[in-house]
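Numbering (the numbering used here), first residue to last: 39 to 260.
No residue lacks a Cβ here, since even glycine has one placed at the ideal position from N, Cα and C.
Quantities reported herein were computed from a predicted structural model and do not represent experimental measurements.
Input: a single structure, listed below in C-alpha coordinates.
Here you go:
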(Lines of atoms letter the chains of each structure in order from A; the text may use other names.)
(Lines give C-alpha, C1' and ligand atoms only; values in the text may rest on other atoms or scores of the structure.)
Protein backbone atom coordinates (compact mmCIF):
# COMPACT_ATOMS: atom_id res chain seq x y z
CA UNK A 39 0.00 0.00 0.00
CA UNK A 40 2.85 2.42 0.69
CA UNK A 41 3.99 1.98 -2.89
CA UNK A 42 0.54 2.90 -4.14
CA UNK A 43 0.45 5.96 -1.92
CA UNK A 44 3.77 7.18 -3.29
CA UNK A 45 2.55 6.56 -6.82
CA UNK A 46 -0.63 8.53 -6.23
CA UNK A 47 1.27 11.39 -4.62
CA UNK A 48 3.79 11.43 -7.46
CA UNK A 49 1.02 11.71 -10.04
CA UNK A 50 -0.68 14.58 -8.23
CA UNK A 51 2.64 16.39 -7.74
CA UNK A 52 3.64 15.85 -11.36
CA UNK A 53 0.31 17.13 -12.64
CA UNK A 54 0.53 20.21 -10.43
CA UNK A 55 4.06 20.85 -11.67
CA UNK A 56 2.87 20.42 -15.23
CA UNK A 57 0.14 22.96 -14.61
CA UNK A 58 2.65 25.49 -13.26
CA UNK A 59 4.91 24.91 -16.24
CA UNK A 60 1.97 25.36 -18.55
CA UNK A 61 0.98 28.65 -16.94
CA UNK A 62 4.54 29.95 -17.19
CA UNK A 63 4.79 28.85 -20.79
CA UNK A 64 1.48 30.46 -21.62
CA UNK A 65 2.59 33.64 -19.92
CA UNK A 66 5.75 33.62 -21.98
CA UNK A 67 3.67 33.37 -25.13
CA UNK A 68 1.49 36.27 -24.00
CA UNK A 69 4.56 38.35 -23.24
CA UNK A 70 5.99 37.74 -26.70
CA UNK A 71 5.98 40.06 -29.67
CA UNK A 72 2.80 41.91 -30.45
CA UNK A 73 2.58 40.65 -34.03
CA UNK A 74 0.70 37.63 -35.39
CA UNK A 75 3.33 35.21 -34.09
CA UNK A 76 2.04 35.73 -30.55
CA UNK A 77 -1.52 34.97 -31.53
CA UNK A 78 -0.40 31.87 -33.40
CA UNK A 79 1.56 30.59 -30.40
CA UNK A 80 -1.39 31.18 -28.11
CA UNK A 81 -3.73 29.34 -30.44
CA UNK A 82 -1.43 26.33 -30.48
CA UNK A 83 -0.87 26.49 -26.72
CA UNK A 84 2.20 25.09 -24.96
CA UNK A 85 2.06 21.31 -24.84
CA UNK A 86 2.41 19.69 -21.41
CA UNK A 87 2.92 15.96 -20.87
CA UNK A 88 0.79 14.89 -17.90
CA UNK A 89 1.11 11.46 -16.22
CA UNK A 90 -1.93 9.25 -16.69
CA UNK A 91 -3.94 7.50 -14.01
CA UNK A 92 -3.00 3.91 -13.14
CA UNK A 93 -3.06 1.78 -16.29
CA UNK A 94 -3.42 4.79 -18.58
CA UNK A 95 -0.73 6.35 -20.80
CA UNK A 96 0.58 9.87 -20.36
CA UNK A 97 -1.27 12.60 -22.24
CA UNK A 98 -0.33 15.90 -23.84
CA UNK A 99 -2.49 18.71 -22.47
CA UNK A 100 -2.88 22.36 -23.30
CA UNK A 101 -2.06 24.90 -20.60
CA UNK A 102 -5.73 25.38 -19.79
CA UNK A 103 -6.34 21.62 -19.57
CA UNK A 104 -3.34 21.10 -17.27
CA UNK A 105 -4.48 23.84 -14.89
CA UNK A 106 -8.02 22.44 -14.86
CA UNK A 107 -6.95 18.82 -14.22
CA UNK A 108 -4.54 19.79 -11.45
CA UNK A 109 -7.54 20.52 -9.23
CA UNK A 110 -9.63 17.50 -10.12
CA UNK A 111 -8.32 14.95 -7.59
CA UNK A 112 -10.42 16.19 -4.68
CA UNK A 113 -12.26 13.35 -2.95
CA UNK A 114 -15.98 13.15 -3.60
CA UNK A 115 -18.88 11.33 -1.92
CA UNK A 116 -18.20 8.14 -3.91
CA UNK A 117 -14.66 7.99 -2.48
CA UNK A 118 -15.89 8.36 1.10
CA UNK A 119 -18.70 5.87 0.56
CA UNK A 120 -16.29 3.31 -0.87
CA UNK A 121 -13.80 3.59 1.99
CA UNK A 122 -16.46 3.47 4.71
CA UNK A 123 -18.31 0.52 3.19
CA UNK A 124 -15.21 -1.45 2.21
CA UNK A 125 -13.92 -1.29 5.78
CA UNK A 126 -17.11 -3.05 6.89
CA UNK A 127 -16.95 -5.42 3.92
CA UNK A 128 -13.37 -6.42 4.69
CA UNK A 129 -14.33 -6.77 8.35
CA UNK A 130 -16.77 -9.56 7.53
CA UNK A 131 -14.11 -11.33 5.48
CA UNK A 132 -11.87 -11.31 8.55
CA UNK A 133 -14.68 -12.76 10.66
CA UNK A 134 -14.94 -15.62 8.17
CA UNK A 135 -11.19 -16.26 8.01
CA UNK A 136 -10.97 -16.37 11.82
CA UNK A 137 -13.18 -19.47 11.75
CA UNK A 138 -10.84 -21.37 9.45
CA UNK A 139 -8.04 -22.62 11.75
CA UNK A 140 -10.38 -24.59 14.04
CA UNK A 141 -12.91 -25.77 11.46
CA UNK A 142 -11.29 -26.26 8.06
CA UNK A 143 -9.89 -29.62 7.00
CA UNK A 144 -7.82 -28.71 3.94
CA UNK A 145 -4.43 -27.08 4.40
CA UNK A 146 -4.96 -25.25 1.10
CA UNK A 147 -8.06 -23.57 2.52
CA UNK A 148 -6.15 -22.62 5.67
CA UNK A 149 -3.32 -21.07 3.65
CA UNK A 150 -5.81 -19.20 1.50
CA UNK A 151 -7.54 -17.79 4.59
CA UNK A 152 -4.18 -16.66 5.97
CA UNK A 153 -3.46 -14.89 2.68
CA UNK A 154 -6.84 -13.15 2.65
CA UNK A 155 -6.44 -12.03 6.25
CA UNK A 156 -2.89 -10.81 5.70
CA UNK A 157 -4.00 -8.77 2.70
CA UNK A 158 -7.18 -7.23 4.05
CA UNK A 159 -6.02 -6.17 7.52
CA UNK A 160 -3.55 -3.59 6.17
CA UNK A 161 -6.10 -2.49 3.56
CA UNK A 162 -8.52 -1.69 6.38
CA UNK A 163 -5.78 0.32 8.08
CA UNK A 164 -5.02 2.20 4.87
CA UNK A 165 -8.68 3.10 4.33
CA UNK A 166 -9.09 4.18 7.95
CA UNK A 167 -6.00 6.35 7.58
CA UNK A 168 -7.33 7.89 4.38
CA UNK A 169 -10.68 8.68 6.03
CA UNK A 170 -8.97 10.31 9.01
CA UNK A 171 -6.70 12.38 6.79
CA UNK A 172 -9.62 13.54 4.65
CA UNK A 173 -12.10 14.25 7.44
CA UNK A 174 -14.11 11.12 6.79
CA UNK A 175 -14.83 10.70 10.49
CA UNK A 176 -16.91 13.88 10.26
CA UNK A 177 -18.78 12.56 7.22
CA UNK A 178 -19.49 9.08 8.52
CA UNK A 179 -22.75 7.66 7.27
CA UNK A 180 -24.63 4.58 8.41
CA UNK A 181 -24.57 1.79 5.85
CA UNK A 182 -26.74 -1.29 5.94
CA UNK A 183 -24.14 -4.02 5.49
CA UNK A 184 -26.77 -6.44 4.24
CA UNK A 185 -27.16 -4.22 1.19
CA UNK A 186 -23.49 -4.39 0.23
CA UNK A 187 -22.68 -6.66 -2.72
CA UNK A 188 -21.47 -10.10 -1.72
CA UNK A 189 -22.04 -9.78 2.02
CA UNK A 190 -23.05 -12.99 3.78
CA UNK A 191 -26.24 -12.90 5.82
CA UNK A 192 -26.23 -13.46 9.57
CA UNK A 193 -27.80 -16.86 8.95
CA UNK A 194 -25.03 -17.83 6.53
CA UNK A 195 -22.35 -16.79 9.02
CA UNK A 196 -24.03 -18.86 11.73
CA UNK A 197 -24.19 -21.84 9.37
CA UNK A 198 -20.47 -21.41 8.68
CA UNK A 199 -19.74 -21.30 12.42
CA UNK A 200 -21.59 -24.59 12.86
CA UNK A 201 -19.85 -26.39 9.97
CA UNK A 202 -16.69 -28.48 10.25
CA UNK A 203 -14.28 -30.35 8.01
CA UNK A 204 -15.02 -30.66 4.32
CA UNK A 205 -18.49 -29.17 4.74
CA UNK A 206 -16.89 -26.08 6.24
CA UNK A 207 -14.32 -25.87 3.44
CA UNK A 208 -17.01 -25.98 0.77
CA UNK A 209 -19.25 -23.40 2.43
CA UNK A 210 -16.33 -21.11 3.23
CA UNK A 211 -15.18 -21.10 -0.39
CA UNK A 212 -18.69 -20.51 -1.69
CA UNK A 213 -19.31 -17.59 0.64
CA UNK A 214 -15.87 -16.06 0.13
CA UNK A 215 -16.10 -16.24 -3.67
CA UNK A 216 -19.39 -14.35 -3.52
CA UNK A 217 -17.87 -11.95 -0.99
CA UNK A 218 -14.90 -11.23 -3.26
CA UNK A 219 -17.16 -10.73 -6.26
CA UNK A 220 -19.08 -8.14 -4.26
CA UNK A 221 -15.87 -6.35 -3.31
CA UNK A 222 -14.87 -6.18 -6.97
CA UNK A 223 -18.27 -4.70 -7.81
CA UNK A 224 -17.81 -2.03 -5.14
CA UNK A 225 -14.26 -1.28 -6.23
CA UNK A 226 -15.30 -1.00 -9.86
CA UNK A 227 -17.99 1.50 -8.90
CA UNK A 228 -15.40 3.54 -7.00
CA UNK A 229 -13.13 3.55 -10.05
CA UNK A 230 -16.02 4.81 -12.18
CA UNK A 231 -17.58 7.33 -9.81
CA UNK A 232 -14.76 8.32 -7.44
CA UNK A 233 -12.27 11.14 -7.89
CA UNK A 234 -9.47 10.63 -5.38
CA UNK A 235 -6.25 9.14 -6.76
CA UNK A 236 -5.37 7.20 -3.61
CA UNK A 237 -8.84 5.67 -3.37
CA UNK A 238 -8.59 4.82 -7.05
CA UNK A 239 -5.35 2.94 -6.51
CA UNK A 240 -6.67 1.13 -3.44
CA UNK A 241 -9.74 0.08 -5.42
CA UNK A 242 -7.57 -1.08 -8.32
CA UNK A 243 -5.57 -3.14 -5.84
CA UNK A 244 -8.76 -4.81 -4.58
CA UNK A 245 -9.87 -5.70 -8.10
CA UNK A 246 -6.49 -7.22 -9.00
CA UNK A 247 -5.90 -9.12 -5.75
CA UNK A 248 -9.38 -10.48 -5.30
CA UNK A 249 -9.68 -11.58 -8.92
CA UNK A 250 -6.60 -13.74 -8.36
CA UNK A 251 -8.05 -15.14 -5.14
CA UNK A 252 -11.40 -15.93 -6.77
CA UNK A 253 -9.63 -17.99 -9.40
CA UNK A 254 -7.66 -19.80 -6.70
CA UNK A 255 -10.81 -20.58 -4.71
CA UNK A 256 -12.60 -21.88 -7.77
CA UNK A 257 -9.65 -24.16 -8.36
CA UNK A 258 -9.92 -25.50 -4.82
CA UNK A 259 -13.58 -26.34 -5.36
CA UNK A 260 -12.92 -28.46 -8.47
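Around residue 245, the same chain offers 222, 225 as residues with beta carbons nearer than 6 angstroms, after the five sequence neighbours per side are excluded.
By the C-beta density criterion, residue 235 is buried, having at least 16 other C-beta atoms within 10 angstroms. For residue 144, same chain residues with a beta-carbon under 6 angstroms away, outside a window of 5 residues either side, are 207 in chain order.
Under a 10 Å Cβ-count criterion, residue 174 is classified as buried, with 16 or more other Cβ atoms of the shown protein chains found around its own Cβ. Excluding five sequence positions before and after residue 255, the CB atoms of its chain that fall closer than 8 angstroms to its own CB belong to 150, 211, 214, 215, 218, given in chain order.
Where residue 117 is concerned, the enclosing alpha helix (DSSP H) starts and stops at 115-136.
Less than 7 angstroms separates the beta-carbon of residue 187 from that of residue 220.
Per DSSP, the unbroken alpha helix (DSSP H) holding residue 230 starts and ends at 203-231. In the three-state reduction of the DSSP assignment, residue 249 falls in the helix class. Considering only 248, 249, 201, 114, the residue with the shortest C-alpha distance to residue 139 is 201. For residue 98, the secondary structure class from DSSP, reduced to helix, strand or coil, is strand. The continuous alpha helix (DSSP H) containing residue 167 extends over residues 145-171. Three or more Cβ pairs closer than 8 angstroms define a contact, and the segment 114-125 falls short of that threshold against the segment 189-199. If you check the CB distance, residue 228 and residue 168 do not come in under 7 angstroms.
The Cβ atoms of residue 163 and residue 247 lie no closer than 7 angstroms to each other. With respect to the C-alpha of residue 129, the residue from 238, 161, 209 having the closest C-alpha is 161. According to the DSSP assignment, residue 260 belongs to no alpha helix (DSSP H), since it is labelled neither H nor E.
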